[in-house]
Structure formats: structure tokens, C-alpha cells
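Peer 1: This structure is in C-alpha cells; I'll ask about it shortly.
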Amino acid sequence: MKHLLLGTTKGLCVFEINNHQVKFIDIFFKGLPVSMVYHDPVTRQYWVGLSMKHWGPKLFASRDGRRWIEITTPRYPSDAEISPGKSASLRLIWSAFYQPEVDRLWIGTEPGGLFEGSGGGNDFVLNSSLWHHPTRKDHWFGGGRNDAGIHTILGHPNDPDFLLIGVSCGGVYVSRDRGKTWEVKNEGLKADYLPDPFGPFGHDPHAIKICLSNSDFIWQQNHCGVFLSKDGGNLWSDVTPSDESGRYGFCLAIDHEDPYKAWIIPAESDDQRVARNLRLTVCKTDDGGQTWSVMTDGLPQKNCFDLVFRHALDRVADIMAFGTTTGNLFVSFDDGDHWIHTQSFLPPIHSVLIINE
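According to my numbering, the sequence shown is numbered sequentially starting from 92.
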């Protein structure tokens with residue numbers, strides 16, 4: 092049995108997947124916007140970020156996914172500045188990553204601060220080396236939000252000192268000493284909106300995934316295409332579908348056994364954030380982006396305005412699921428070849444997680 096966790100603008104929706112059936116079973120934080128959902132498969136702990144208009148960001152933790160405890164949210168130091176004269180304060184909890192072997196919880200936020208603390212969340216500290224990185228003040232900026240944000244935090248399957256973050260806008264940054272120092276990893280990326288599209292800073296990675304069986308392979312759905320690195324992020328290659336269908340989009344799924352497999356869901360463009368050509372499609376590659384196939388079975392092929400956000404596509408084994416901004420939930424039991432429309436009339440969906448039970 093598996094569970095689906097949907098972070099939506101109106102709460103955390105929980106579904107059960109059993110015998111190819113998807114059943115709604117519960118909702119937590121009803122009516123409240125969920126900005127982040129994270130589950131650690133080792134300790135089976137959960138963390139949820141809320142984005143409340145009146146009370147601001149909140150952070151909750153759970154050991155069973157049912158009983159939730161509010162924990163202390165990260166706090167920017169009083170002297171932290173986004174830019175000269177512009178003070179920094181927590182606006183959004185966007186991502187999380189937990190290292191159980193050292194009880195270390197990392198939280199990515201807007202306006203661009205990376206925090207670290209224990210899983211209990213009472214001792215968060217701003218990662219100073221990233222906040223004071225020489226590229227941040229001049230080359231990080233908001234991509235769809237007021238300021239830059241850290242939407243992705245990834246670890247290495249065999250190296251506890253390795254961290255990778257995705258910044259919109261800023262790019263990819265890697266630490267090999269557990270956050271003490273950071274390297275920019277944007278070589279080969281292209282940003283059409285920059286004066287120098289191939290410049291080293293200011294890129295906008297929408298989604299990033301590291302292959303667990305071969306960590307040299309890192310995939311990226313970018314603001315300006317699909318990119319693949321085969322050397323741990325040192326160099327990126329443009330593997331966007333030749334028909335430009337993946338030039339713009341947010342989400343990405345990969346196969347952790349076969350590093351050459353990936354899935355994307357194209358969107359129209361930056362200024363037209365709807366399904367490409369108003370047709371909802373899933374594109375898949377089996378050869379590292381040299382060729383792509385388009386899968387449409389079970390997906391709406393006309394008058395479709397659905398968009399899939401960066402955290403709203405997930406894959407576990409051959410089960411895939413994604414949720415859309417118009418509240419539709421689609422599930423596939425054969426690696427995306429065929430899709431079942433399982434739910435509609437849900438709130439806009441920000442994130443989807445498939446949990447093995």
C-alpha cells in the first residue's frame with residue numbers, strides 16, 4: 092500500500108493507493124496554504140510548511156503523518172539584508188532535506204536563506220557561508236516571487252558532506268563540506284532573459300533531481316529548457332526535446348535505477364503558464380534526452396489550462412502521480428504510458444509525494 096500526500100492551497104490532502112484504486116482518506120491543516128511537504132524515508136518523519144497570510148510562515152513536524160506538532164520556524168538575524176538597506180525576514184518555507192545520521196534538518200526559504208538545525212526545529216541557524224556568498228546580493232533575484240528562494244535541497248547517496256541547492260533565480264550551488272563552502276554549478280546552462288545567456292550566475296532551475304544509483308547524473312528542468320549533467324553538476328548539456336516542447340515547464344521525475352530515464356510535463360511559456368497548446372502531455376526519454384516520446388493517454392487534449400508546479404510530480408517504482416493548478420490529480424500505474432484522472436475540484440496543488448508504507 093502507498094499513500095499520496097498533496098500540498099494544496101487549502102490544506103494537506105492524504106490519499107490511499109491500493110490495488111490501482113486511489114481513495115481520499117484525510118485532510119490536515121484544512122483551509123490553510125501548504126507551501127512545503129517533506130518525508131524522510133529512513134526515520135519516516137514528516138515536515139510541513141504553511142504560508143499563512145496573517146500569521147506568516149509556520150512549520151510542523153510529525154512522526155506518523157497524523158499527529159502534528161508546531162516547531163520553531165527559522166528566523167533571519169536582525170542584521171541580515173537581502174540587499175543594502177533591505178532587511179531580510181522569512182516569507183516562505185519552500186524546501187527541506189533531512190540527514191538522519193546527524194539529526195540535521197535543512198530548510199530552504201524565500202528570501203534565499205538556507206537554515207540548518209535539528210529535526211526538532213528549535214535551533215535553526217542561517218547558513219552564513221551561502222548567505223554571504225559573493226554572488227548572492229548582485230546575482231540572485233526573484234523568479235515569479237519578490238525575492239530569490241531555495242526550492243530544492245538534495246544530498247548525495249554516499250557522501251553525507253555533499254549538498255546541492257536550487258535557487259530561483261540564482262542557479263545551482265554545491266557544497267562538499269556540509270555547507271561550510273559553496274561552489275556555483277551553472278556551466279552549460281542558458282538563461283535567455285540575461286544580458287549574457289551563458290553567464291555564470293542568475294540562472295533559474297525549476298526542478299533538480301540526482302539519480303541515486305549513479306549520482307554523477309543530475310537532471311534539471313530549467314526556465315529555459317531541460318538539462319542533464321553526467322559529471323555531478325560540473326557541466327550541463329541541453330537535452331530539450333527537438334520540438335521545443337520542454338523548453339518551458341516546472342516539474343521533473345527520474346528513474347533512480349536507470350540514469351538515462353526522465354519525465355517532464357511541458358507548459359506553454361513564461362508569460363502563458365498553461366498546458367502547452369492547451370493539451371496536457373507527459374514527455375519521456377529513455378536515452379538521456381537524445382529522443383523523447385509524448386504520452387497523452389488519459390490526459391485532456393483540448394481546452395486544458397492545467398499547470399504542474401515543480402514539486403507536484405512524483406514517481407515511486409512504476410507509479411507516477413501529478414497534481415495541477417486547477418485541482419486535478421492524475422495517477423499512472425505503468426510509468427506514465429497511461430493516466431487515470433482520479434480527482435477533480437481539489438484546491439490548486441503545489442506538491443505531490445508518494446509514500447511507501
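The beta-carbon is built from N, C-alpha and C at its ideal position, and this holds for glycine as well. If you're wondering where the values come from, they're calculated on a predicted model, not measured in any experiment.
(1) For T243, which beta-bridge partners are listed by DSSP?
(2) Pairing CB atoms from the stretch 357 to 368 with CB atoms from the stretch 422 to 432, are three or more of them under 8 angstroms?
(3) At the level of alpha carbons, what is the spacing between P165 and G204?
(4) Secondary structure at W146, three-state DSSP: helix, strand or coil?
(5) Going by DSSP, what residues sit across from T376 in a beta bridge?
(6) Can you tell which of K321, V139, S220 has the C-alpha that lies nearest to the C-alpha of I198?
(7) Terminal residues of the continuous beta strand (DSSP E) containing D471?
(8) If you draw a straight line from the alpha carbon of L245 to that of A179, how long is it in whole angstroms?
(9) State the start and end residues of the unbroken alpha helix (DSSP H) segment that holds L205.
(10) Measure the Cβ-Cβ separation of G418 and P438 and say whether it is below 7 angstroms.
(11) Since G270 contacts S220 with CB under 8 angstroms, what's their CB separation in whole angstroms?
(12) Nearest to H224 by CA position, among P248, T272, W185, L254, is which residue?
(13) With a cut-off of 8 angstroms, do at least 3 Cβ pairs link the stretch 345 to 359 to the stretch 273 to 288?
(14) Taking DSSP as the reference, what is the three-state secondary structure of R367?
(15) Can you tell me which of the three DSSP states S67 falls into?
(16) If you measure from the beta carbon of H111 to each beta carbon in chain B, is any gap under 7 angstroms?
(17) In chain order, what residues of the same chain have a beta carbon less than 7 angstroms from the beta carbon of H347, not counting five sequence neighbours either side?
(18) How would you label K114, buried or exposed, when you count the other beta carbons within 10 angstroms and need 16 or more for buried?
(19) Is M81 helix, strand or coil when you go by DSSP?
(20) Taking DSSP as the reference, what is the three-state secondary structure of W159?
(21) May I ask you to report which of helix, strand or coil DSSP gives A403?
(22) Name the DSSP beta bridge partners of S266, please?
(23) Excluding the five sequence neighbours on either side, which residues of its own chain have a C-beta within less than 8 angstroms of the C-beta of S209, listed in chain order?
(24) According to DSSP, is G234 helix, strand or coil?
(25) What beta strand (DSSP E) runs, 3 residues minimum, are completely inside the stretch 284 to 367?
(26) DSSP three-state call for K177: helix, strand or coil?
(27) Got a sec? Which residues, its chain only, sit under 6 angstroms from D268 by beta carbon, not counting five neighbours each side?
(28) Would the beta-carbon of G293 fall within 7 angstroms of that of C315?
(29) Quick one, which of G340, I162, F318 has its alpha-carbon nearest Q381's?
(30) What is the DSSP secondary structure of Q381, counted as helix, strand or coil?
(31) Return the first residue and the last residue of the beta strand (DSSP E) that T433 is part of.
(32) Report the three-state DSSP secondary structure of R195 (helix, strand or coil).
(33) CA-CA distance, S126 and G233?
(34) Suppose the cutoff is 6 angstroms on Cβ atoms and the five residues either side in sequence are ignored; what does the same chain contact list for F400 look like?
(35) Just the Cα atoms here: how many angstroms apart are Y129 and S320?
(36) Kindly indicate which three-state DSSP category Q112 falls into: helix, strand or coil?
Peer 2: In brief:
(1) For T243, which the question treats as bridged, DSSP gives the partners G257.
(2) The count of Cβ pairs closer than 8 angstroms, one atom from the stretch 357 to 368 and one from the stretch 422 to 432, stays below three, leaving the stretches out of contact.
(3) P165 and G204 have their C-alpha atoms spaced approximately 9 angstroms apart.
(4) In the displayed model, W146 falls within coil according to three-state DSSP, outside both helix and strand.
(5) DSSP, once it has assigned bridges, lists A353 as partnering T376.
(6) For I198, the nearest C-alpha among the options comes from V139.
(7) The shown model of the chain, from 92 to 448, leaves out residue 471, and the question about it has no answer.
(8) Take the alpha-carbon of L245 and the one of A179: they are about 24 angstroms apart.
(9) That residue, L205, is in no alpha helix (DSSP H); its beta strand (DSSP E) goes 205 to 208.
(10) Taking 7 angstroms as the Cβ cut-off, G418 and P438 qualify as a contacting pair.
(11) With a beta-carbon spacing of about 7 angstroms, G270 and S220 fall inside the 8 angstroms limit used to define contacts.
(12) With respect to the C-alpha of H224, the residue from P248, T272, W185, L254 having the closest C-alpha is T272.
(13) Verdict: no, contact absent.
(14) If DSSP states are grouped into helix, strand and coil, R367 belongs with the helices.
(15) The question about residue 67 has no answer, for the chain in this structure spans 92 to 448.
(16) Chain labels in this structure do not include chain B; a single protein chain is all it has.
(17) These residues qualify, in order along the chain: C302, L303, S304.
(18) Exposed, since its Cβ has fewer than 16 Cβ neighbours within 10 Å.
(19) With the chain represented from 92 up to 448, any question about residue 81 goes unanswered, as that position is not in the structure.
(20) In the three-state reduction of the DSSP assignment, W159 falls in the coil class, being assigned neither a helical nor a strand state.
(21) Coil, per DSSP.
(22) Looking at the DSSP assignment, S266 forms a beta bridge with L254.
(23) Around S209: D194, R195, L196.
(24) Taken through DSSP and simplified to helix, strand or coil, G234 comes out as coil.
(25) List check, beta strand (DSSP E) in window: 296 to 301, 309 to 313, 316 to 320, 340 to 345, 353 to 357.
(26) Residue state, collapsed to three classes: strand.
(27) Within the same chain, D268 has close Cβ partners D252.
(28) No, they are not a contact pair.
(29) Considering only alpha carbons, the answer is F318.
(30) Coil, per DSSP.
(31) Per DSSP, T433 belongs to the beta strand (DSSP E) from 431 to 434.
(32) Note: R195 maps to strand in three-state DSSP.
(33) Each residue's Cα considered, the two are about 17 angstroms apart.
(34) Answer for F400: F341, H441, listed in chain order.
(35) Distance between the alpha carbons of Y129 and S320: 25 angstroms.
(36) In this structure, Q112 counts as strand in the three-state DSSP scheme.
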